[in-house]
Each structure stands twice: as structure tokens, then as C-alpha cells.
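Visitor: Following this message is one structure expressed as C-alpha cells.
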Amino acid sequence: MAIRIKESGLATSIQDLGRPGYYHLGIPISGAMDRFAMRVANLLIGNNESDAGLEAVFMGPVMEFTEDSFVAVTGAEMQPRVDGELRETWASFAIKAGQTLSFDFLKQGARVCIAIKGGIDVPVVLGSRATYTLGALGGLEGRALRPGDALQTVSSSTKSVEGATVPADLRRLPGNPAQIRVMPGLYWHRLTEESGTRFFGDTWKVATEADRIGYRFQGGNPLQFVEREQPFGAGSDPSNIVDSCYPYGSIQVPSGTEPIALHRDAVSGGGYFMLGTVISSDMDLIGQLQPNMDTRFVSVDMQEAIRARGQRNTLLNKVRELLN
Amino acid sequence: MSVRYSFGGDDHVFVEIEEQMSLEAFFKSLSITNSVRESQISGVTEICPANASYQIKFNPDIIKPEDLLLELKRFEQHAGSSGRRLKTRVVDVPVLYNDPWTHETLMRFRERHQDPSGTDLDYAARINGYDSIDSFIEAHSGSPWFVTMVGFVAGLPFMYQMVDRDRQIEVPKYLRPRTDTPKLTVGYGGCFSCIYSVRGAGGYQMFGITPMPIYDPDQGISYLKEFMVFFNPGDIVKFRPIDRETYEEYLGQVESNTYEPKIRDFDFSLDDFYSDRDQYNRNIGEALNGD
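In the order they appear, the protein sequences are chains A and B.
Residue numbering for the first sequence follows the numbering used here, starting at 9 and increasing by one per position.
Residue numbering for the second sequence follows the numbering used here, starting at 9 and increasing by one per position.
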């Protein structure tokens, strides 16, 4: 054993970069909501970017180490403590057998990624160690961690150093209000032009129903739909469609009131229209939104989405160069 | 059929074959997605057929969105007559209709239902013009169903009734979704039946429960050892009403890991089906039970 979980936080789970390839059977990709942060946490201690770490939301776990190890915490601004002594986020630090890792209060963002030397060792299921709780799959028994759980790490001969760090300009967190870029599409034509314009003009607030499946938003104007004759097999509500797949990041608006952006543990399909999709480079940012935070959706086209993806790739490459 | 293409962000293509549900649309979706899978386009990471649409996830660092779109449109043009036959299987699914567990659940969430005075079966039978629950159950279990999509949650099949449209059962979903549904509930929403693979939230009307597990992440169940999800799009399902005694018997077999679902291979032809649906459905029944 390498780690004993003494307190588990609100919802701490084992995550890596996910499990692509099974979405057609309703098994979502899962993995860290802030993938950039998980990659960087691993890089900071010399792990592979795809090694499994922990994702903790709003409140950190308390973990006792039974072996010497190295740790890095990235993502949200929630400082780690070793036997009570503060450590920096976005930096590597050593921890000795018998020492306890705990966390300070959350100051900014929503989720920390905790990388541990070698990565957490649970069985690889369908190509990944990520936890998908709805399907009781992956991670530790397919569930969030509980007090008393014991975790193993993969033995690693890679050299880790203390004090490796990533400067502030190479980190990513949403601003305030958060700006989330969205490509209108899918069933966008179901909205009146005026209503579509208003969706991007309104300021929305993150609702309390915000988890790994999806983020709900409130406070904007209800949407107005274009009149139609109900297609056979779709429900009678104007927001219903014949059940289809849901892209990751797609924004559905049941009954036209509260938009929900699906995330890594997405339900893979259903019968609600979607007005567009969060671009791939901004998915990580959603994972760092707190309830009640003001959020603006910004309309972009494919060209801008691809440019934003390129910028994110460049950022990651700079971190790789810095740490390798 | 006017096929509609849309990008879902910079890493999905969403393709609506038809706005309404039809077997034609499903067969086209299945045929195109099969071609995409066979062609092994580099950069494609997820290929998801759905009821009357499909979705591809891709890595735009590897394949340009507009290049993938062109490829998919080419597949659409070639999805002709070869896509009207399907080598598939027929599966027997025993169902305890009107069971105590979904009944307890539907009573618990009655205020979220269109008609709080009766049960989901009462309501579905009435609005579909059946004079009793029994005749409604007869209709639900009397014809086979096509699995036209697997998803929502892991391993959940959406099934489409193989009868003329004017005989198809249609029911709305609950006014507000439940926060609980028993595992293996046989449900109904819109024109689709489903089997809830896991316990959880749900908005479909609840008709009964099957003892036959269809998802096992631990892969301990004998027939789910090779893969944890039982159903695939294209499977044909025949529901078989069972009584409480048979239900308990099957449950015992599931617990001792000796339950084996009845499965037969079947070569399905859409054109033969259209020429005489009732006769064709009898053939499907014979393929399943004729030995």
C-alpha cells in the first residue's frame, strides 16, 4: 500500500485522460474534467501524461502516505499541505512515508488534479483507469473514494525533482465572468433568430447541479422555438427531438429554460435538442467553474475553434519543453 | 430523405438522417457507420449510430473537419441497397410486466406523472386505445423490436417496434424525470421501449422488469464475460411475458450464474419485412422458438 484515504473530500475519484471508443454503447470517455491540468500535474513529477491521478472537487481529501513519494497539485487554487505545512500548487514536492497530505480552502477554480509518483495503480478497464460512477466502471470499484480506502501506485524508476514549477502564464483558469466559446449548430435552427442572439447576449449563472455528467446554467432568458409539426418519434415538447447522440460539450436546453453543457461523464444520447457545442479547447475551463459564477457564452465559428485548439496545444507543448 | 450535417464543436460531426423516426433512417445510419468503421479513417475516435442519426468524434489535429465531412458525404452516396440487409440475432427477453418494484417506484413519483390516478400501464394502455392492461401487454410483447441505439447510460438499448406506424405504441415521458428507476426496468418514451441497464434517474414510463442482466462492469456473468455490454444496435428483441414464479426461477439462475439468454442468428431483410410485416415477424418468432 502507498496511500491511505483518511478523509475523502466531497467527490474525489481516480481519473486519467479517459476511455475513448465506447461512446456508441453509452460508456462515456470519463477522465479528468480539466485534462490540461492532469497532464501538467503528471509532467511536474516525471510521470506519463496519461498516468492516473486523483480529481477532487471543491474540497480536498486527506491522505496518509505509507511510502516516500512525489506529488503535484494543479488546476484549481487549493493549496496542498504536508503535515499541515503549505505547499505551492502547480509545483512538485516530496512527501515522506508517514506524512499526511491535506488541502487548504478552495480560493479559485473548482477541481484539483493530484498526481502521485508512478500514477495510481487500479486495473485498466477498456483501456483506462478513469472512474465512471454512473456505470460503476473503472477507478476503485467504479466509485468515488471513501475514508479507509487504500491506494497503490505503479512503481516508477523515473527521477522526480522537488520544486519543478509551471509559471502563471502557462496555467489556465476561467476569468470572471467566465467566457466559454460555443459553436452554434446541431439543432440551432430550432431557435428563433432573436432567441439565439439573446442566448449569447445573456449572462448565465452556474447552477448547483454541476457535476462530471454536465453543468447546468440559470438566469438567462427562456428560449423561443420556431413552430413545427412534431416529427414522429420526437416528444411533444418543442425542445424534444428523436433521441440522438449527444456530443461532448453539447448544450441541451430541456423545455428551453436551463442550458446543460455535457462533460466527460456525459449521458451519450437522449431526446433534447442541442443549440451548439462548447469548443474542445474550452472544455477544461468548464471543469473549473463554481456554482453561482457568472458565465457568458461566446459564439465562434470553426476557424476560431481550430485556432483556439492550436493555442491550447502550443501552451501544452511549452509546458512539455519546460519540464522535460 | 434529406440528410443534414452539422459540426458539434471542432471535434464532432453530427448527422441527422431524418428528422422523424423510421426504420429506413436507422438502416441508413447503421450502414454508413459500419462503412466508416471498416474504412478506419485516421483521426476518428468514436463512431456512434443512433435511431435516425449518427455522430462521429474525431481529432481535428489529425483530420481536418471539412475533409472528414467530405468522406462522410461520400459514404452517404454509397449507402444503397447493400445496407438493406443485416446479419443479426434475435434475443428472447423475459419480462415480468406490472411487477411490484416498478409499481412501488411509480407510486413514489406519482406527482410527476400525467395521470396520477392510475399506473403507467393504465395510462399507456388508455391513450393508445387498448381496453385493458392485458391487451396492451399483448401488443408490447406481440411483435419484435429493433435495437436502434445503445446509450444514454452504459448498455441501455433503445428499441423500435416492428409494426405499421398506426399500430406503434406512443407515450410521452414523465412530466418531470424521476430520480430513481429500478435496474432492468422495461420503460417507454416517445416511440421507443428501453431497458434501464443501471439504477438511476429516468423519465420513461415503467411497464415491467426483466431478470436478465444486460450490463456487468465486473464481467462475472457468464454471457457478459467477453464484453460487459449485452446489446448492439441492430439486435432484434422479442419480449416474453413471464409470471412471478418464472421470474424468481430466472433470478435464481442469474444468481448461480447459469442463466443463458436465448439467442438465434437471423438474416434480416428490410424489403422482405416491408412486403409482409406480420408474416415476417412470425418468421422471426419461429427463428427464435422453432427448435
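By construction, the Cβ of each residue, glycine as well, lies at the ideal position given by its N, Cα and C atoms.
Closer than 8 Å is the cut-off here; do at least three beta carbon pairs connect the segment 41-49 of chain A with the segment 21-30 of chain A?
Guide: The segment 41-49 of chain A, when compared against the segment 21-30 of chain A, does touch it at the 8 Å Cβ threshold.
Visitor: Determine whether the beta carbon atoms of Gly126 of chain A and Ser163 of chain A lie at a separation below 7 Å.
Guide: Within the first sequence, the letter at position 118 stands for residue 126 of chain A. Within the first sequence, the letter at position 155 stands for residue 163 of chain A. A contact, by the Cβ cut-off of 7 Å.
Visitor: Provide the residue(s) that pair with Ala64 of chain A in DSSP beta bridges, ordered along the chain.
Guide: Against the first sequence, residue 64 of chain A aligns to sequence position 56. A:Val120.
Visitor: Which class does Pro108 of chain B belong to by DSSP, given the choice of helix, strand or coil?
Guide: Position 100 of the second sequence, counted from the start, is the residue given in the question as residue 108 of chain B. Helix at Pro108 of chain B.
Visitor: By how many angstroms is the C-alpha of Pro219 of chain B removed from the C-alpha of Tyr267 of chain B?
Guide: As a position in the second sequence, residue 267 of chain B is number 259, starting the count at 1. As a position in the second sequence, residue 219 of chain B is number 211, starting the count at 1. Rounded to the nearest angstrom, the two C-alpha atoms are 10 Å apart.
Visitor: Tell me Trp3 of chain A's beta-bridge partners as DSSP assigns them.
Guide: One cannot answer for residue 3 of chain A here, as it falls past the ends of chain A, which runs 9 to 332.
Visitor: Return the CA-CA distance between Asp75 of chain B and Ser277 of chain B, expressed in angstroms with no decimal places.
Guide: Looking up residue 75 of chain B in the second sequence gives position 67. Looking up residue 277 of chain B in the second sequence gives position 269. So the two alpha carbons sit approximately 33 Å from each other.
Visitor: Span of the beta strand (DSSP E) holding Met71 of chain A?
Guide: Position 63 of the first sequence, counted from the first residue, corresponds to residue 71 of chain A. Its beta strand (DSSP E) spans residues Val70 to Phe73.
Visitor: Go ahead and label Gly17 of chain A buried or exposed: buried means 16 or more other beta carbons lie within 10 angstroms of its beta carbon, across all protein chains shown.
Guide: Within the first sequence, residue 17 of chain A is the residue found at index 9, counting from 1. When all chains shown are included, Gly17 of chain A counts as buried.
Visitor: Can the beta-carbon of Val161 of chain B be found less than 7 Å from the beta-carbon of Leu142 of chain A?
Guide: Position 153 of the second sequence, counted from the first residue, corresponds to residue 161 of chain B. Position 134 of the first sequence, counted from the first residue, corresponds to residue 142 of chain A. In contact: Val161 of chain B and Leu142 of chain A (Cβ atoms closer than 7 Å).
Visitor: Does DSSP classify Glu217 of chain A as helix, strand or coil?
Guide: By 1-based counting over the first sequence, the position of residue 217 of chain A is 209. Strand, per DSSP.
Visitor: The beta strand (DSSP E) that contains Gly298 of chain B, what's its start and end?
Guide: Start at 1 with the first residue of the second sequence, and residue 298 of chain B comes out as number 290. No beta strand (DSSP E) contains Gly298 of chain B, which DSSP labels as neither H nor E.
Visitor: Which residue marks the beginning of the beta strand (DSSP E) containing Asp226 of chain B, and which one marks its end?
Guide: Locating residue 226 of chain B in the second sequence gives position 218, where the first residue counts as 1. Run containing Asp226 of chain B: none; DSSP gives neither H nor E here.
Visitor: State the start and end residues of the unbroken beta strand (DSSP E) segment that holds Gln226 of chain A.
Guide: Sequence index remark: in the first sequence, residue 226 of chain A carries index 218 (1-based). It spans Gly222 to Gln226 - the beta strand (DSSP E) in which Gln226 of chain A sits, taken as one unbroken run.
Visitor: Measure the C-alpha to C-alpha separation of Ile122 of chain A and Asn289 of chain B and round it to an integer number of angstroms.
Guide: By 1-based counting over the first sequence, the position of residue 122 of chain A is 114. By 1-based counting over the second sequence, the position of residue 289 of chain B is 281. In a straight line, the C-alpha of Ile122 of chain A is about 56 Å away from that of Asn289 of chain B.
Visitor: Going residue by residue through the segment 163-199 of chain B, where are the continuous beta strand (DSSP E) segments of at least 3 residues, counting only ones entirely within it?
Guide: Within the segment 163-199 of chain B, the complete beta strand (DSSP E) runs of at least 3 residues are 165-169 and 193-197.
Visitor: Asn349 of chain A versus chain B: which residues are under 9 Å apart at the beta carbon?
Guide: Outside the shown range of chain A, which is 9 to 332, sits residue 349 of chain A, and nothing can be said about it.
Visitor: Which residues bound the beta strand (DSSP E) around Tyr62 of chain B?
Guide: Within the second sequence, numbered from 1, the residue matching residue 62 of chain B stands at position 54. Ser61 to Phe66 is the extent of the beta strand (DSSP E) around Tyr62 of chain B.
Visitor: Given this structure, state the Cα-to-Cα distance separating Ser252 of chain A from Ile268 of chain A, to the nearest angstrom.
Guide: Mapped onto the first sequence, residue 252 of chain A falls at position 244. Mapped onto the first sequence, residue 268 of chain A falls at position 260. Between Ser252 of chain A and Ile268 of chain A, the C-alpha separation is close to 16 Å.
Visitor: Shorter than 7 Å from the beta carbon of Ala147 of chain B to some beta carbon of chain A?
Guide: Against the second sequence, residue 147 of chain B aligns to sequence position 139. No, Ala147 of chain B does not count as interfacial toward chain A.
Visitor: Could you tell me the boundaries of the beta strand (DSSP E) in which Ile11 of chain A lies?
Guide: Your numbering for residue 11 of chain A matches position 3 in the first sequence. Its beta strand (DSSP E) spans residues Ile11 to Glu15.
Visitor: If the cut-off is 7 Å on Cβ atoms, which residues from the segment 129-151 of chain A count as contacting chain B, listed in chain order?
Guide: Result list: Leu142, Gly143, Ala144, Leu145 and Gly150.
Visitor: Mind listing the chain A neighbours of Pro190 of chain B? Cutoff is C-beta to C-beta under 8 Å, in chain order.
Guide: Translated into the one-based positions of the second sequence, residue 190 of chain B becomes position 182. By Cβ distance, chain A contributes nothing, its closest Cβ being about 16 Å from Pro190 of chain B, past 8 Å.
Visitor: Counting only Cβ pairs nearer than 8 Å, list the residues of chain B close to Ile287 of chain A.
Guide: For the purposes of this step, residue 287 of chain A is taken as the residue at position 279 of the first sequence. Gly17 and Asp18, listed in chain order.
Visitor: So what does DSSP say about Arg95 of chain A, is it helix, strand or coil?
Guide: Position 87 of the first sequence, counted from the start, is the residue given in the question as residue 95 of chain A. It is coil, neither helix nor strand.
Visitor: Who are the neighbours of Ile55 of chain B on chain A, taking C-beta pairs under 7 Å?
Guide: Residue mapping note: residue 55 of chain B aligns to position 47 of the second sequence, counting from 1. Within 7 Å Cβ-Cβ: His32.
Visitor: From the DSSP output, in three-state form, read off Ala152 of chain A for me.
Guide: For the purposes of this step, residue 152 of chain A is identified with residue 144 of the first sequence, where counting begins at 1. Three-state result, Ala152 of chain A: coil.
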